[in-house]
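J.:
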Amino acid sequence: MGGVYGLRLIEAGYEVNLLDVNSDRVNEIKENGFRLSALRIQKVYKINISNNENDFKNSSDIVLFHAHSTGTKSAARSAATVLNPMVTL
Numbered sequence: 015m016g017g018v019y020g021l022r023l024i025e026a027g028y029e030v031n032l033l034d035v036n037s038d039r040v041n042e043i044k045e046n047g048f049r050l051s052a053l054r055i056q057k058v059y060k061i062n063i064s065n066n067e068n069d070f071k072n073s074s075d076i077v078l079f080h081a082h083s084t085g086t087k088s089a090a091r092s093a094a095t096v097l098n099p100m101v102t103l
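Take the sequence shown: its position 47, counted from the start at 1, is 61 in my numbering, and no numbers get skipped.
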């Protein structure tokens, strides 16, 4: 789901970085792009993606994260890493 939201933000003109813990998925997307297949949409996006939050450290004004319940704590820590320290919460 996070990827779908990220793609919609990219389509709206925002700069988006995606972070995923699955290295195989990250490598696949880096090599082949992020493929969106929906009812009438067949599109491949080249996106910024990594499995290392330090690649995006302090780069984001807004962080949205989607995680399984067992990964929420880790995802929140990663979100804190990529959040721009000048942003007021």
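The C-beta atom is built at its ideal place from N, Cα and C for all residues, glycine as well.
Since we're looking at a predicted model, the values are computed, not measured.
#1: Taking Ile-24 as part of the alpha helix (DSSP H), name the residues at either end of that continuous run.
#2: Should the stretch 86-103 be called in touch with the stretch 46-65, which here means at least 3 C-beta pairs below 8 Å?
#3: Would a C-beta distance cut-off of 8 Å place Pro-99 and Asn-68 closer than the cut-off?
#4: Who are the near neighbours of Asn-36 in its chain, counting only those whose CB is closer than 8 Å to its CB and skipping five residues on each side?
#5: The beta strand (DSSP E) spanning Arg-49 covers which residue range?
T.: Walking through what the data contain:
#1: That run of the alpha helix (DSSP H) goes 16-25.
#2: no
#3: In this structure, Asn-68 does not lie closer than 8 Å to Pro-99 by Cβ.
#4: Closer than 8 Å at the Cβ level, and outside the excluded window around Asn-36, lie Asn-65.
#5: It spans 48-51 - the beta strand (DSSP E) in which Arg-49 sits, taken as one unbroken run.
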